[in-house]
Amino acid sequence: MDNEVQERDQIQLKVEGLSCHRGDRLLFKNISLTLNSGDIFEVTGQNGAGKTTLLRLLCGLLIPEKGNILWCNQPINKVKPTYHSTLTYVGHTDAIKAELTVLENLTIAKALNGGGIEIKEALDQVGLLKLRSLPGRFLSAGQRRRLALARLLVNRAKLWLLDEPFTALDKEAVKTIASLLETHGKNGGMVIFTSHHSVNVAGARALNISSAISS
Numbered sequence: 001m002d003n004e005v006q007e008r009d010q011i012q013l014k015v016e017g018l019s020c021h022r023g024d025r026l027l028f029k030n031i032s033l034t035l036n037s038g039d040i041f042e043v044t045g046q047n048g049a050g051k052t053t054l055l056r057l058l059c060g061l062l063i064p065e066k067g068n069i070l071w072c073n074q075p076i077n078k079v080k081p082t083y084h085s086t087l088t089y090v091g092h093t094d095a096i097k098a099e100l101t102v103l104e105n106l107t108i109a110k111a112l113n114g115g116g117i118e119i120k121e122a123l124d125q126v127g128l129l130k131l132r133s134l135p136g137r138f139l140s141a142g143q144r145r146r147l148a149l150a151r152l153l154v155n156r157a158k159l160w161l162l163d164e165p166f167t168a169l170d171k172e173a174v175k176t177i178a179s180l181l182e183t184h185g186k187n188g189g190m191v192i193f194t195s196h197h198s199v200n201v202a203g204a205r206a207l208n209i210s211s212a213i214s215s
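Mapping of the sequence shown onto full-length UniProt numbering: residues 1 to 215, in sequence order.
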């Protein structure tokens, strides 16, 4: 048990002096943060401030102009297989197959990554169990979002990177997803999520990316 605790405490995502432009416009500069096991970060900012770009940088999908992104003190580009196996990214696109049922969509997600809780349990937690036989094309925007977020539960990822996870959700669904994020943190997971407006996620620390834009 002591070894498990020690290993968990050594896992860390560190961002040092990150800067990025879009064309000639500076999106943000000198962003630094440290994410340890159990930490949750909420990234806020106006539209176009670079919230999505920041997440794509953290995923390794983009290369930073300046600064470093370290996983367990190693640059992420040097530990790509290990790093990518520890994270799940949910972006704006829900990636729901319209012709497949809710259950089939999540079954595929679990088969690709796996390791998390059972599919029906995940659907129950996001309030979609009763809709498991419904084809994806008939889901509302909020239901599609909940199904996309259910992928987090059927995968065993340490790090969750979530782009606007609360978009299109009603108040009850927001509470449900916020609770999932809180539970992941309490279990030693790590979360970075973006939002237009502050969302009540217990224990989340705030990073306003707009304040990192040069005046």
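Each residue gets a CB set at the ideal place from its N, CA and C atoms; glycine is no exception. What you are looking at is a predicted structure, and each value in this text was computed from that prediction instead of being measured.
Taken through DSSP and simplified to helix, strand or coil, V126 comes out as coil. Put simply, the backbone Cα of I11 is about 17 Å away from that of N77. With a 10 Å radius around the Cβ and a threshold of 16 neighbouring Cβ atoms, N105 comes out buried. Contact check for T194 and V43: beta-carbon distance about 5 Å, within the 8 Å limit, so the pair qualifies. Nearest to S210 by C-alpha distance, out of T88, G67, N30, is N30.
By the Cβ-count criterion, H92 is exposed, with fewer than 16 other Cβ atoms from all chains shown falling within 10 Å of its own Cβ. With a threshold of 16 other beta carbon atoms within 10 Å, Q143 meets it and is buried. Within the region 42–122, complete beta strand (DSSP E) segments of at least 3 residues are found at 66–71, 87–90, given in chain order. N155 places its beta carbon 8 Å or farther from that of A178. For A206, the uninterrupted beta strand (DSSP E) run begins and ends at 205–208, by DSSP.
Going by beta carbons, I69 and L87 fall outside the 8 Å limit. In this structure, R132 sits away from T176, with a CB-CB distance that is not shorter than 8 Å.
In this structure, K66 places its C-beta atom within 8 Å of the C-beta atom of G17.
Of the candidates L62, S198, F41, T34, L62 places its Cα closest to the Cα of H21. Secondary structure of L149 (DSSP, three-state): helix. The C-alpha of R25 is placed about 43 Å away from the C-alpha of I117.
Between W160 and G188, the beta carbon gap of about 12 Å keeps them out of contact (Cβ cut-off 8 Å).
For the options K130, A109, K97, the alpha carbon positioned closest to that of A157 is the one of A109. The alpha-carbon of V15 is positioned some 11 Å away from that of P64.
Here P81 is exposed. Its C-beta has fewer than 16 other C-beta atoms within 10 Å. For V191, the uninterrupted beta strand (DSSP E) segment begins and ends at 190–195.
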